[in-house]
Each structure stands twice: as C-alpha cells, then as structure tokens.
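Working notes, structure below.
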Amino acid sequence: MNPFDIPLQALLGQLLIGLVNGSFYAMLSLGLAVIFGLLGIINFAHGALYMMGAFGAWILMDKFGIGYWYAIVIVPIAIGVLGIVIERLFLKHLYKLDPLYGLLLTFGLALIAEGIFRDRYGVSGQSYNVPESLQGATDLGFMILPNYRAWVVLASLGTCLGTWFVIERTRLGATLRAATENPHMVQAFGINVPIMVTLTYGAGAALAALAGVLAAPVIQVTPLMGSNIIIVVFAVVVIGGMGSILGSVLTGLALGLIEGLTRVVYPEASNIVVFVIMAIVLVLRPAGLFGKEA
Amino acid sequence: MKLKSLNVALALALCISAASTQAQVSGNTVKIGFITDMSGLYADLDGPGGVEAIRMAIGDFGGTVLGKKVELVSADHQNKTDIASSLAREWIDQQGVDMLIGGTNSGAGIAMAKVAGEKKRPYFNIGAGSTRLTNEDCTPYTVHYAYDTAALANVTGAAVVKGGGKSWFFLTADYAFGISLEQDTAAVVKASGGTVVGAVRHPLSASDFSSFMLQAQASKAQVLGLANAGGDMINAVKAAREFGVTKTMKLAGLLVFITDVHSLGLQATQGMQLTDGWYWDSSPETRAWSKRFFEKMKKMPSMAQAADYSATTTYLNAVKAAGTDDPDKVMVQLKKAKINDMFAKGGYIREDGRMIHEMYLLEVKKPEESKYPWDYYKVVAKVPGEQAFQPLSKSTCPFIKK
C-alpha cells in the first residue's frame with residue numbers, strides 16, 4: 001500500500017493502536033532501564049516476570065475468584081517480593097562481576113520460569129476477561145476504541161510519569177542515583193545502600209508484573225507471552241540508551257507508533273522494523289538516542 | 295567344554311541369520327522419529343500429546359513388529375526449518391531412523407520431506423497443512439496424513455459462502471502454511487461466487503492483532519478468514535471480539551484445533567464454523583480412545599494427535615504386511631492398504647502421498663448447549679474425502695503420470 005493512499009481515519013486509528021502497544025513497551029522498558037541504571041544488571045528475566053504477572057491475575061481469578069482491580073494491586077506486590085528474593089539469593093553476588101554474569105543468570109531464571117508454566121498450563125494459554133467496568137467500546141468517529149485499551153494507555157503513562165518523577169525529582173531518587181555513582185560515599189552518609197538496591201530490583205519486577213496484569217485481558221495469557229515481547233523491549237532499551245528512564249519511555253511509545261504504521265504500509269515487516277531502527281541507531285549513536293556517551 | 299561353547303555360538307549365529315532372513319529389519323529395531331513443535335505456539339495441538347499418542351500406538355501394537363522392538367525418538371524443531379532438516383538428516387544417517395513423523399509447521403514439514411525423500415525414508419506428515427507437500431514438493435516417500443489447506447478451504451470456504459458470506463478479508467500467517475491456506479480458500483470462495491476484498495499478512499507469533507483488526511473492519515467485508523493457527527488464531531479471535539469485529543463480520547477459522555477452542559472458551563468461539571479431520575466425540579470408538587488419551591494427558595486429543603496414533607499404526611501394519619522395513623517395499627504396501635481405525639474409515643493413500651479420508655464441517659456450540667467437558671462441536675456435515683481434498687488430476691507433483 002502506498003503510504004499516501006491511507007485514509008486519514010485509518011491512519012489515526014493505527015496511530016492510536018500504536019500508542020497502546022507503545023505503552024506496553026514503555027512500561028516494560030522502564031523497568032529494565034531502572035534496573036540497569038541502578039544495579040547494572042541486564043535483567044533478562046523481565047519477560048518472565050511480565051508473564052508471571054499475567055498468570056498471577058489469571059490464577060487469582062480462576063482459583064480464588066479475586067477480580068481485576070484487586071489483582072492489579074496484589075500481583076505486582078507479590079512479584080515485587082519475588083524480585084526481592086531473587087535479588088537477595090542470586091543477584092547480590094554478581095555486582096562485582098562482569099554484567100554478562102547477571103545477564104546469563106536472569107536468562108536462566110527466565111527459562112526455568114517459562115518451563116514450569118509451560119509444563120503446568122500448556123502453550124495455548126488461558127483467557128482472562130476484561131473487567132466489567134471497562135467492557136465495551138467507545139466510537140471515536142475514526143475508529144472503535146475498546147475502553148480497556150484506553151485504560152491501558154492511561155495506566156501505563158501514569159506509571160511511567162510517576163516512576164520518572166520519583167527517580168528524577170525526589171530526594172529518594174536523588175539518593176538512589178547517587179548510590180549508583182558512588183555507593184561508598186552514600187553509605188558513609190548513613191544510608192543503607194544494599195537495601196535500596198534490593199528494593200529497586202523489587203520495584204522493577206513489580207513494574208513488569210503490572211504490565212503483565214494490564215496485558216492479561218488483551219492477549220491470551222500464555223507462558224510464551226514474555227519471550228514474544230521481551231526481545232522487542234530490549235531493542236527499545238538499546239535504542240533509547242541503556243539506563244535512561246525518560247529515553248526508554250519515549251522510545252517505547254515512538255516505536256509502538258512506528259510499528260503500527262508499518263502494519264498498515266507493509267505488515268510483513270512489522271516485526272523487524274524495530275530491529276532495523278536499532279541497527280541504524282547503533283551505527284549513528286552507539287550509546288542510544290538518550291544515552292550518555294561514555 | 296570348548297566344543298559346547300562353540301556350538302552355542304554357532305546356534306546363536308544361526309538364529310540371528312535365520313531371523314534376518316525371515317524379517318529384514320535394518321538395525322534390528324524399527325525406529326520411528328517424531329519431530330514437531332514441542333514448546334512453541336503449536337505445542338498444545340500436537341507436541342507432547344503427539345508423542346503420547348505415538349507411544350500408545352506402539353504399545354497397542356505390542357511394542358514389536360516382525361519380532362523386532364519398535365523404538366521412538368522425538369525432538370523439538372522450535373518452528374525452525376533448519377533444525378527440522380538437520381535433525382532428520384542426523385537421525386537417518388547416524389541413528390538409523392526408519393520412518394519419520396513430521397508434526398506442525400509447514401515450513402519445517404517441507405524441509406523434512408526433502409531430507410526424507412533424498413534419503414529414501416517413509417515420511418508421514420501430520421500437523422502441517424501446506425498442499426505443497428503433495429504438489430511441487432512431493433516425494434515418493436511422503437504421506438500427508440491428516441489434512442491439508444485445500445481440504446480446509448474446500449469445506450469451510452464453500453460452506454461459508456453458501457451460508458451467505460460472500461465477501462472475504464483474510465488475516466494470514468506470513469509463511470508457507472498461511473499463504474497456502476489463503477490462496478486455496480480464496481480460489482474456493484471465488485469459484486463459489488464470492489469475492490476477496492483484501493488480505494493482510496502478519497508475522498508468526500505476532501504479539502498484537504489490533505491493528506490488523508482495524509484494517510479488516512475498514513475493508514467492509516462480510517467474512518474475516520483466519521488463515522493462521524494455534525496461538526495466533528487464538529489472539530486474533532480475542533482481538534476481533536474486543537474491537538467489535540465480530541458484530542459486523544463473521545469469523546471463519548480456517549484451521550481451528552479443539553485445543554484452541556478449549557483455550558478460548560465457548561463464549562468467545564460460539565457459532566464459528568470450522569473444518570476438522572477428526573472429532574473425539576463422534577463415535578464410540580473415538581470416545582474410547584480419547585478417554586485413554588485423556589487419562590494420560592488430562593485433555594482431549596486434537597485431530598493431529600489422533601492422526602499421530604493412526605499413522606504410526608498404519609506404518610507398523612505396512613511393515614508387518616511387507617515383512618520388512620525396506621522403505622520402497624513399505625511404500626508399495628502403504629499405497630495399497632485401506633485404513634480403518636478410530637481416525638479414518640476406508641481411508642487410503644493416493645499415489646501423490648495424500649491420505650484421503652472423510653472431513654467434518656463443524657460448528658462450535660453455544661455455552662448452554664455444551665453438556666459435559668469438551669462437548670464443543672456440532673457436526674454440520676460430513677464431507678467425503680474425494681470431495682474435500684484436491685483431485686489427483688490437479689496435482690502438480692512431478693512424478694505423477696498423467
């Protein structure tokens with residue numbers, strides 16, 4: 001299809017869809033960026049945490065009859081605690097080593113988690129219904145927007161803004177950033193740096209789980225959902241610049257939009273366009289669009 | 295003493311040579327190799343359940359054929375054609391695999407067919423749908439056992455157009471199977487008096503279908519033909535419901551396995567028409583076998599899994615009848631055998647390798663019509679194999695004499 005032949009209505013619709021997908025990318029890459037920026041760990045388990053978030057929502061509903069609005073609070077906390085356990089048990093031994101070790105460890109954890117869920121629940125997945133209060137769709141004139149998707153955009157933008165604000169604009173965030181620059185100095189001021197690091201990983205895991213809960217009603221809850229999306233999210237983080245919070249959020253949204261447009265112009269290329277952009281960015285700006293040159 | 299042990303040795307040698315003249319089985323075992331998607335988006339409809347079905351077939355056969363043990367090796371091709379073909383090659387060359395069963399994924403299925411054809415080993419494909427297996431990529435050693443895209447297109451395509459769905463828009467998985475299915479269905483739709491207004495191709499395991507739904511909606515077609523399978527089909531149906539596509543368009547699932555319906559639930563799939571080569575709840579025989587399968591796997595078998603069982607039995611019967619596992623002799627036997635089991639009645643393998651058997655046009659029940667677990671389908675029509683599959687006269691398989 002010639003890009004100039006697309007009617008404006010279809011274009012607006014696709015841009016909006018792109019924004020919805022972009023908000024998932026943004027939320028996931030945000031967690032990755034926070035973890036990398038403050039811990040220096042390339043968290044390959046992020047996709048698995050996202051998948052467990054979605055499964056958590058489904059299990060609460062299926063086994064205990066606990067609905068969406070409770071799940072969206074309970075599940076991120078539970079997965080956040082799991083993240084804290086992972087950090088205490090494994091990751092804390094790796095900070096002095098090459099980042100590659102953290103990557104390998106989290107990749108291994110992701111494979112184990114995925115394998116356990118696949119063994120237990122199969123790959124076809126489970127259906128999770130849209131909560132009643134968000135069912136239905138709104139006719140925007142140029143497209144029919146399911147209410148739930150609108151909620152996803154709002155919720156994830158809110159979360160991203162909140163996280164950015166905490167890290168960049170509050171005293172807690174300033175301490176965190178200082179701790180990554182010079183942990184010994186911060187410790188000398190009487191701040192317990194290891195606990196802060198642990199909590200940060202827990203928060204990153206909770207963000208992934210929150211994205212999982214948000215995604216559960218939209219796509220089938222399957223053990224593979226994490227690995228289907230995580231590679232793209234890594235590309236987003238690389239394009240945005242490892243560790244840059246604002247960068248990863250903006251890049252996530254932008255790439256969602258670009259991907260959406262590709263689906264109209266040349267759908268076959270929609271799953272590689274992100275990587276093409278990544279290659280170009282790496283050639284022109286090796287530190288990523290928003291990264292600081294070393 | 296010495297003489298005695300020499301005698302024993304001699305007797306043993308005689309026994310071995312006698313055995314080998316009676317039944318010529320290479321490598322002293324009959325080895326079946328099964329390569330399918332064990333962990334990806336198609337793993338539920340074949341995968342580990344398929345392995346179990348083949349094991350059941352070997353067990354029911356007594357575990358031996360011509361006095362030799364029947365062995366099974368299985369592997370995951372991860373939906374990658376290069377893994378499928380290199381595994382097949384290694385198994386045949388180094389492990390002495392006598393027969394290959396190919397599972398889901400047409401790309402991998404065609405790659406394996408090429409290896410099996412080159413190495414001259416019987417190759418049963420079960421889970422892959424592309425008609426290329428019995429057309430341009432056919433070999434004298436391929437048996438395409440359960441279904442193909444032509445049969446799905448013929449049965450579903452014709453039925454939906456007849457039911458008033460004249461204009462179609464396709465959502466197609468962008469690889470051999472999806473494209474084959476789209477083209478075959480489009481041809482049937484046009485031949486039945488319908489039109490195709492557009493198509494969009496999505497990558498395998500796409501993570502989001504919403505933008506494709508907008509395109510489908512914009513096409514104003516009456517029918518959305520889903521030329522994809524497994525996890526992709528499931529997510530497409532979910533997105534179609536969410537975006538209200540199901541209110542204006544009728545969904546036609548061109549390849550829907552019962553495991554997909556189970557996963558989506560009847561609420562989401564009710565009223566959908568689909569074609570299947572087998573349904574667990576269609577006769578006392580299928581129910582009895584499915585019950586055994588259910589006890590092992592805790593879910594009802596799909597067409598692919600039932601066909602895995604049937605194909606294994608058919609192959610072992612042919613080895614028994616031929617008195618050898620020699621590939622050429624077994625193929626001759628296979629192509630003259632009649633297949634009568636819980637999977638097919640009066641089925642037969644045509645010269646081009648296509649197994650011809652009855653296909654079912656099914657409709658998904660409404661939630662209130664479903665009386666017991668896995669009670670999902672109403673049989674709308676039973677279509678004879680000759681009508682469902684592509685006629686031999688249209689085959690482009692090079693070795694078919696016309």
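In order, the protein sequence lines correspond to chains A and B. Take 1 as the starting number for the first sequence in the working numbering and just add one per residue. Take 295 as the starting number for the second sequence in the working numbering and just add one per residue. Beta carbons: idealized from backbone N, C-alpha and C, even for Gly. Model, not experiment: these values are computed from the prediction.
Do you know how far the Cα of B/V624 is from the Cα of A/A113?
What you label residue 113 of chain A is simply residue 113 of the first sequence in a count that begins at 1. What you label residue 624 of chain B is simply residue 330 of the second sequence in a count that begins at 1. A/A113 and B/V624: Cα-Cα distance of roughly 45 angstroms.
Using beta carbons (cut-off 8 angstroms, strictly below), is A/R120 in contact with chain B?
Translated into positions along the first sequence, residue 120 of chain A becomes position 120. Cβ-Cβ to chain B under 8 angstroms: no for A/R120.
Check the Cβ-Cβ distances between B/T398 and every residue of chain A, and say whether any is below 8 angstroms.
Taking the second sequence and counting its residues from 1, the one referred to as residue 398 of chain B is at position 104. B/T398 does not count as touching chain A.
May I ask you to report which of helix, strand or coil DSSP gives B/V391?
Residue mapping note: residue 391 of chain B aligns to position 97 of the second sequence, counting from 1. It is coil, neither helix nor strand.
Do B/L335 and A/L111 have their CB atoms nearer than 8 angstroms?
Here the question's residue 335 of chain B lines up with position 41 in the second sequence. Here the question's residue 111 of chain A lines up with position 111 in the first sequence. Not in contact: B/L335 and A/L111 (Cβ atoms no closer than 8 angstroms).
What residues from chain A crowd round B/K532, counting only those whose CB sits closer than 8 angstroms?
For the purposes of this step, residue 532 of chain B is taken as residue 238 along the second sequence, with counting starting at 1. Under the 8 angstroms cutoff, chain A gives S127, V218, I219 and Q220.
Relative to the C-alpha of B/H651, which residue among B/A407, B/V409 and B/H438 is closest?
Walking along the second sequence from the start, residue 651 of chain B turns up at place 357. Residue B/H438 is the option with its Cα nearest to B/H651.
Members of the segment 362 to 379 of chain B near chain D, C-beta cut-off 8 angstroms:
The structure shown has no chain D; the protein chains it does contain are A and B.
Chain A partners of B/G525, CB-CB under 8 angstroms?
By 1-based counting over the second sequence, the position of residue 525 of chain B is 231. Those are V123, S124, G125, Q220, T222 and L224, listed as they occur along chain A.
Assuming B/T489 is part of the alpha helix (DSSP H), what are its boundary residues?
The count along the second sequence starts at 1 and reaches residue 489 of chain B at position 195. Counting along the chain, B/T489 falls outside any alpha helix (DSSP H), though it belongs to the beta strand (DSSP E) covering T489 to H496.
Could you confirm whether any beta carbon from chain A is found closer than 8 angstroms to the beta carbon of B/S584?
Along the second sequence, read from residue 1 onward, the residue named residue 584 of chain B stands at position 290. Chain A, which has no Cβ nearer than 8 angstroms to the Cβ of B/S584, makes this no.
Please determine if the segment 420 to 439 of chain B and the segment 558 to 566 of chain B are in contact, where contact requires at least 3 C-beta pairs separated by less than 8 angstroms.
no
Does the segment 229 to 239 of chain A touch the segment 39 to 47 of chain A, meaning 3 or more C-beta pairs lie closer than 8 angstroms?
yes
Do B/F418 and B/S368 have their C-beta atoms within less than 8 angstroms of each other?
The residue labelled residue 418 of chain B in the question sits at position 124 within the second sequence. The residue labelled residue 368 of chain B in the question sits at position 74 within the second sequence. For B/F418 and B/S368, no; Cβs fall outside 8 angstroms.
Based on Cα-Cα distance, which residue from A/N21, A/F189, A/R120 and A/A205 lies nearest to A/L154?
Position 154 of the first sequence, counted from the first residue, corresponds to residue 154 of chain A. Per the Cα distances, A/N21.
On the CB-based measure, 16 or more other CB atoms within 10 Å of its CB, does A/R169 come out buried or exposed?
Reading the first sequence from its first residue, position 169 is the one you call residue 169 of chain A. Exposed.
Pop quiz: A/Q220 and B/K593 are said to be a contact at Cβ under 8 angstroms. What is the actual Cβ separation, rounded to whole angstroms?
Taking the first sequence and counting its residues from 1, one reaches residue 220 of chain A at position 220. Taking the second sequence and counting its residues from 1, one reaches residue 593 of chain B at position 299. Contact doesn't hold; Cβ gap of about 16 angstroms is too wide.
Proximal residues of chain B, C-beta to C-beta of A/V264 below 8 angstroms
In the first sequence, the residue the question calls residue 264 of chain A occupies position 264. Going along chain B in sequence order, the residues near A/V264 (Cβ under 8 angstroms) are S505 and Q509.
Take every Cβ of the segment 444 to 451 of chain B, pair it with every Cβ of the segment 470 to 482 of chain B, and state whether three or more of those distances are shorter than 8 angstroms.
yes
Local Cβ density within 10 Å of B/P685, reported as buried at 16 or more and exposed below that:
Here residue 685 of chain B refers to the residue found at position 391 when the second sequence is read from its first residue. Exposed.
For the segment 124 to 131 of chain A and the segment 521 to 530 of chain B, state whether three or more C-beta atom pairs, one from each stretch, are separated by less than 8 angstroms.
yes
Can you tell which of A/G40, A/L89, A/L15 and A/M196 has the C-alpha that lies nearest to the C-alpha of A/G243?
Residue mapping note: residue 243 of chain A aligns to position 243 of the first sequence, counting from 1. With distances taken between Cα atoms, A/G243 lies closest to A/G40.
Looking at B/I420 and B/Y401, is the spacing between their C-beta atoms short of 8 angstroms?
The residue you call residue 401 of chain B lines up with position 107 of the second sequence. The residue you call residue 420 of chain B lines up with position 126 of the second sequence. The sequence as given places Gly at residue 401 of chain B; Tyr does not occur at that position. No, Cβ-Cβ distance for B/G401 and B/I420 is not below 8 angstroms.
Closer than 8 angstroms to chain B by CB, A/Q187
Start at 1 with the first residue of the first sequence, and residue 187 of chain A comes out as number 187. For A/Q187, the answer is no, since every Cβ of chain B falls outside 8 angstroms of its Cβ.
Looking at the structure shown, is A/I116 part of a helix, part of a strand, or coil, going by DSSP?
To locate residue 116 of chain A, count along the first sequence from 1; it is residue 116. In the structure shown, A/I116 sits in a helix (DSSP, three-state: H, G or I).
For B/G396, three-class secondary structure by DSSP:
As a first step, residue 396 of chain B is located in the second sequence; it is residue number 102 there, counting from the start. Reduced to three states, the DSSP call for B/G396 is strand.
Could you spell out the range, first to last residue, of the alpha helix (DSSP H) harbouring A/Q187?
Here residue 187 of chain A refers to the residue found at position 187 of the first sequence. P183 to A188 is the extent of the alpha helix (DSSP H) around A/Q187.
At 8 angstroms on the CB atoms, spell out the chain B contacts of A/G260, in chain order.
For the purposes of this step, residue 260 of chain A is taken as residue 260 along the first sequence, with counting starting at 1. The contacting residues are S505.
Indicate whether at least one CB of chain B lies closer than 8 angstroms to the CB of A/E132.
Sequence index remark: in the first sequence, residue 132 of chain A carries index 132 (1-based). Not an interface residue.
Do you know offhand how far B/S314's Cα is from B/V359's?
Residue 314 of chain B sits at position 20 when you count from the first residue of the second sequence. Residue 359 of chain B sits at position 65 when you count from the first residue of the second sequence. Its pLDDT being 39, under 50, B/S314 is placed unreliably in this model, and the coordinates cannot settle the point.
With a threshold of 7 angstroms on Cβ separation, who are the neighbours of A/G67 within its own chain once the five nearest residues in sequence on each side are excluded?
Reading the first sequence from its first residue, position 67 is the one you call residue 67 of chain A. The beta carbon of A/G67 sits closer than 7 angstroms to those of M61 and P131, all from its chain and outside the five residues before and after it, given in chain order.
Between B/P578 and chain A, is any beta-carbon pair separated by less than 8 angstroms?
In the second sequence, counting from the first residue as 1, residue 578 of chain B sits at position 284. Cβ-Cβ to chain A under 8 angstroms: no for B/P578.
Please state whether DSSP places A/P146 in a helix, a strand or coil.
Numbered from 1 along the first sequence, position 146 holds the residue referred to as residue 146 of chain A. Correct three-state label for A/P146: strand.
Nearest residue (CA-CA) to B/A405, options B/A378, B/D392 and B/T553:
In the second sequence, residue 405 of chain B corresponds to position 111, counting from 1. Cα-wise, what sits closest to B/A405 is B/A378.
CB contact flag (B/T443, B/T425, <8 angstroms)
Reading the second sequence from its first residue, position 149 is the one you call residue 443 of chain B. Reading the second sequence from its first residue, position 131 is the one you call residue 425 of chain B. Going by C-beta atoms, B/T443 is nearer than 8 angstroms to B/T425.
Beta-bridge pairing of B/V367 - partner residues as DSSP gives them
Position 73 of the second sequence, counting from 1, holds the residue named residue 367 of chain B. B/G327.
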